[in-house]
Amino acid sequence: METLKATMTAKKAEKIVQTLEGYCEAKGVSIKDHGAEVTQKQGNAITVKILQLNKSGYLSDGMLARIVEMLEDSEISSHEAIKLHRRYKIPVSRLEEDVIPVRGDGVWITDIEGRRFMDLDSNYSAANLGYSNHAIARALFNQASQLITMKEDRVQVPRTRLIKTILPILPKGLDQFYWQNSGGEAVDKSLKIAKAYTKQRGVIAMIDGFHGRTHGAVAVTYNPAYREPFGLDNENWVRFVPFNDDAALEEALRQGTEKIVIMELAQGEEAGIRPARREYAKRARELCNEHDALLIVDEVQTGFGRTAMKEGQWWASDYYEIVPDIITIGKSYGGGFPVTSVVTREDISKKMKPGYDGSTFGGNPLAMVAATVAIRQMRNANITRNVAERGPQLIEGLKKIKSPLVQDVRGLGLYIGIDLPSPTHVSMLQEKLKSLGILSSLSTRNTARLLPPTIISKTEVNLLLEKLRTAIASLEKSQVA
Ligand SMILES: Cc1ncc(COP(=O)(O)O)c(C=O)c1O
Numbered sequence: 002m003e004t005l006k007a008t009m010t011a012k013k014a015e016k017i018v019q020t021l022e023g024y025c026e027a028k029g030v031s032i033k034d035h036g037a038e039v040t041q042k043q044g045n046a047i048t049v050k051i052l053q054l055n056k057s058g059y060l061s062d063g064m065l066a067r068i069v070e071m072l073e074d075s076e077i078s079s080h081e082a083i084k085l086h087r088r089y090k091i092p093v094s095r096l097e098e099d100v101i102p103v104r105g106d107g108v109w110i111t112d113i114e115g116r117r118f119m120d121l122d123s124n125y126s127a128a129n130l131g132y133s134n135h136a137i138a139r140a141l142f143n144q145a146s147q148l149i150t151m152k153e154d155r156v157q158v159p160r161t162r163l164i165k166t167i168l169p170i171l172p173k174g175l176d177q178f179y180w181q182n183s184g185g186e187a188v189d190k191s192l193k194i195a196k197a198y199t200k201q202r203g204v205i206a207m208i209d210g211f212h213g214r215t216h217g218a219v220a221v222t223y224n225p226a227y228r229e230p231f232g233l234d235n236e237n238w239v240r241f242v243p244f245n246d247d248a249a250l251e252e253a254l255r256q257g258t259e260k261i262v263i264m265e266l267a268q269g270e271e272a273g274i275r276p277a278r279r280e281y282a283k284r285a286r287e288l289c290n291e292h293d294a295l296l297i298v299d300e301v302q303t304g305f306g307r308t309a310m311k312e313g314q315w316w317a318s319d320y321y322e323i324v325p326d327i328i329t330i331g332k333s334y335g336g337g338f339p340v341t342s343v344v345t346r347e348d349i350s351k352k353m354k355p356g357y358d359g360s361t362f363g364g365n366p367l368a369m370v371a372a373t374v375a376i377r378q379m380r381n382a383n384i385t386r387n388v389a390e391r392g393p394q395l396i397e398g399l400k401k402i403k404s405p406l407v408q409d410v411r412g413l414g415l416y417i418g419i420d421l422p423s424p425t426h427v428s429m430l431q432e433k434l435k436s437l438g439i440l441s442s443l444s445t446r447n448t449a450r451l452l453p454p455t456i457i458s459k460t461e462v463n464l465l466l467e468k469l470r471t472a473i474a475s476l477e478k479s480q481v482a
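Count the sequence shown with this note's numbering and you get residues 2 to 482, in order.
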């Protein structure tokens with residue numbers, strides 16, 4: 002019943018709890034035990050009882066609505082959810098048990114306990130339009146009612162619509178698509194396409210770059226801990242060079258053993274948000290031209306306006322004023338529904354032949370309608386302008402926080418990193434923020450990453466800054482080793 006107390010005064014909650022206790026125990030549900038499983042039937046019975054209590058004036062309508070929602074959500078208890086996940090999940094990643102989200106609304110998430118959080122992660126940047134979307138829901142319903150799946154090879158009406166919708170926002174000349182379902186797959190396929198074109202297998206990738214977890218994508222991802230367990234730490238077709246270092250890239254290309262370069266223009270996951278220098282990005286483009294190498298820019302995270310500094314900058318490549326040979330795109334492409342693409346030029350794509358690849362779900366009709374609606378929404382909401390305004394608002398606000406703990410603030414658009422003295426400081430900041438109703442993104446070493454949904458409003462950024470100021474001030478007071 003802690004949840005009840007969180008939504009109303011302790012006194013009121015106690016009264017309700019007392020009245021309900023005997024009733025619930027008779028029904029075999031202990032409402033004192035947070036981990037108790039409440040079945041739908043029991044939940045309904047309790048709701049009816051609460052309605053009766055409400056008649057006696059105990060509850061406001063708002064509180065009643067929240068209690069009903071909580072009871073619905075607790076059809077599966079937190080206890081059961083965590084227990085089954087612990088028991089049955091292959092532990093490829095750390096299980097996050099602290100918050101169990103059940104619904105979303107804009108930049109807000111509500112968890113199974115009825116707590117509300119502002120989100121700073123956007124589900125790894127896939128929920129840029131928020132965590133619920135009625136227009137996408139309707140489109141998916143309509144499409145699934147007519148044609149729920151269709152293989153990549155066959156002509157489709159929904160895909161035709163998406164092509165027409167996305168073409169106007171892509172970098173010039175990039176208009177050949179291969180649709181996939183995850184960023185890692187898109188990176189894998191971009192490497193295959195680049196290898197088919199360059200007729201060689203060598204790839205230059207960046208130190209601290211991140212490209213996903215599929216076999217090919219992880220092979221060009223720097224962190225040795227992601228590669229070593231799978232024997233991918235010594236691939237003779239991958240060479241890592243320092244990022245933002247044109248001399249190192251030039252030297253590697255001059256040797257001529259690798260004709261493909263892959264990079265993020267703002268390194269995220271592994272580097273704690275490190276944008277390229279503008280001259281570096283331009284020079285990398287020139288160097289690839291000079292050495293007949295293909296430049297793949299992984300825009301999976303930076304795309305769809307995440308890094309916009311000006312209206313119209315849909316891609317980090319737009320900000321850097323370069324046109325890569327191949328881009329990979331994903332994350333919020335489908336407004337939260339899985340869809341990704343490799344996008345390239347026709348002279349490159351022509352080197353792929355029927356039989357070189359294939360996909361059952363790539364470009365499926367549901368993904369195509371979700372992406373069409375999501376892109377229309379991003380365009381109508383002028384998402385690039387919003388990011389170009391909200392990003393600097395957040396960065397400037399952060400820079401104004403005069404604290405010895407804030408060692409650096411950097412970013413592009415709403416792709417932001419704050420350096421604190423140590424990883425311990427970062428986790429303490431995240432815990433404090435959670436207690437203030439802000440759910441953080443994952444961190445990189447001593448960098449806290451901030452990736453709020455790109456629809457975040459001015460008022461919400463101000464609220465976020467207020468919470469960040471409070472959290473940092475409280476961190477200053479605590480003694481961290
Ligand atoms: C730059 C970049 N590329 C690729 C990926 C992999 O995407 P996914 O998790 O959809 O496979 C990510 C994921 O965070 C990413 O940041």
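Just so it is clear, CB atoms sit at the ideal spot from N, CA and C, and this is done for glycine as well. None of the values given here were measured: they were computed from a predicted structure.
Rounded straight-line distance, which links the Cα of residue j to that of residue i
i, j, result
"Arg-214", "Ser-333", "18 Å"
"Gly-313", "Leu-54", "55 Å"
"Ala-136", "Val-374", "7 Å"
"Ile-91", "Tyr-125", "20 Å"
"Leu-399", "Leu-476", "15 Å"
"Asp-319", "Gln-157", "30 Å"
"Ile-396", "Thr-448", "14 Å"
"Lys-1", "Arg-284", "Summary: the structure shown does not reach residue 1, with the chain confined to residues 2 through 482, and so no result is reported for it."
"Asp-34", "Arg-87", "Only weak support is given to the placement of Asp-34: the predicted model assigns it a pLDDT of 48, under 50, and the value that follows is read from those uncertain coordinates. Between Asp-34 and Arg-87, the C-alpha separation is close to 20 Å."
"Gly-36", "Leu-421", "With a pLDDT of 49 at Gly-36, under the threshold of 50, the modelled position of this residue cannot be trusted; read the value that follows with caution. Rounded to whole angstroms, Gly-36 to Leu-421 spans 36 Å at the Cα level."
"Ala-294", "Ala-197", "13 Å"
"Gly-304", "Val-370", "19 Å"
"Glu-390", "Met-310", "8 Å"
"Thr-199", "Pro-355", "18 Å"
"Ala-472", "Lys-401", "15 Å"
"Leu-434", "Leu-451", "12 Å"
"Val-388", "Ile-47", "45 Å"
"Asp-246", "Gly-107", "39 Å"
"Val-221", "Leu-440", "30 Å"
"Ile-323", "Gln-408", "31 Å"
Range covered by the alpha helix (DSSP H) that runs through residue i
i, result
"Ile-208", "Looking at the DSSP string, Ile-208 is not in any alpha helix (DSSP H), and its letter there is neither H nor E."
"Asp-358", "No alpha helix (DSSP H) contains Asp-358, which DSSP labels as neither H nor E."
"Met-151", "No alpha helix (DSSP H) holds Met-151; DSSP gives it neither H nor E."
"Tyr-320", "317-321"
"Gln-177", "It is not in any alpha helix (DSSP H) - Gln-177 instead sits in the beta strand (DSSP E) that spans 177-181."
"Ile-374", "For clarity, residue 374 is Val in the given sequence; the question names Ile instead. Unbroken alpha helix (DSSP H) run through Val-374: 366-381."
"Tyr-89", "79-89"
"Tyr-198", "184-199"
"Ala-483", "Examination of residue 483 is not possible in this model, given that the chain is present from 2 through 482 alone."
heavy atom of ligand 1 below 7 Å from residue i C-beta
i, result
"Tyr-125", "yes"
"Ser-183", "yes"
"Phe-211", "yes"
"Glu-265", "yes"
"Glu-270", "yes"
"Ala-218", "yes"
"Arg-214", "yes"
"Gly-336", "no"
"Gln-302", "yes"
"Asp-299", "yes"
"Val-188", "yes"
"Gly-331", "yes"
Terminal residues of the beta strand (DSSP E) in which residue i lies
i, result
"Gly-331", "It is not in any beta strand (DSSP E) - Gly-331 carries neither H nor E in the DSSP assignment."
"Met-264", "261-264"
"Tyr-416", "416-420"
"Ala-226", "From DSSP, Ala-226 is part of no beta strand (DSSP E) but of the alpha helix (DSSP H) over 225-228."
"Asp-122", "Here Asp-122 belongs to no beta strand (DSSP E), and DSSP marks it neither H nor E."
"Asp-234", "It is not in any beta strand (DSSP E) - Asp-234 carries neither H nor E in the DSSP assignment."
"Gly-412", "409-413"
"Thr-341", "341-345"
"His-240", "A quick correction: the sequence has Arg, not His, at residue 240. Residues 239-242."
Residues bridged to residue i [DSSP beta-bridge criterion]
i, result
"Pro-102", "Asp-112"
"Gly-58", "Gly-58 pairs with nothing; no bridge assigned."
"Arg-450", "Gly-418"
"Asp-299", "Thr-329"
"Phe-142", "Answer is none; Phe-142 lacks a bridge partner."
"Phe-338", "Gly-335 and Gly-336"
"Ile-506", "With the chain running from 2 to 482 in the structure shown, residue 506 is simply not present."
| task | With a floor of 3 residues, list each beta strand (DSSP E) that falls wholly inside the stretch 266-295, ordered by position along the chain. | result | Entirely contained in the stretch 266-295, not one beta strand (DSSP E) run reaches 3 residues.
| Of all the alpha helix (DSSP H) runs that stay within the bounds of the stretch 454-482, which reach a length of 4 or more residues? | Taking only runs of at least 4 residues, the alpha helix (DSSP H) segments lying wholly in the stretch 454-482 are 459-478.
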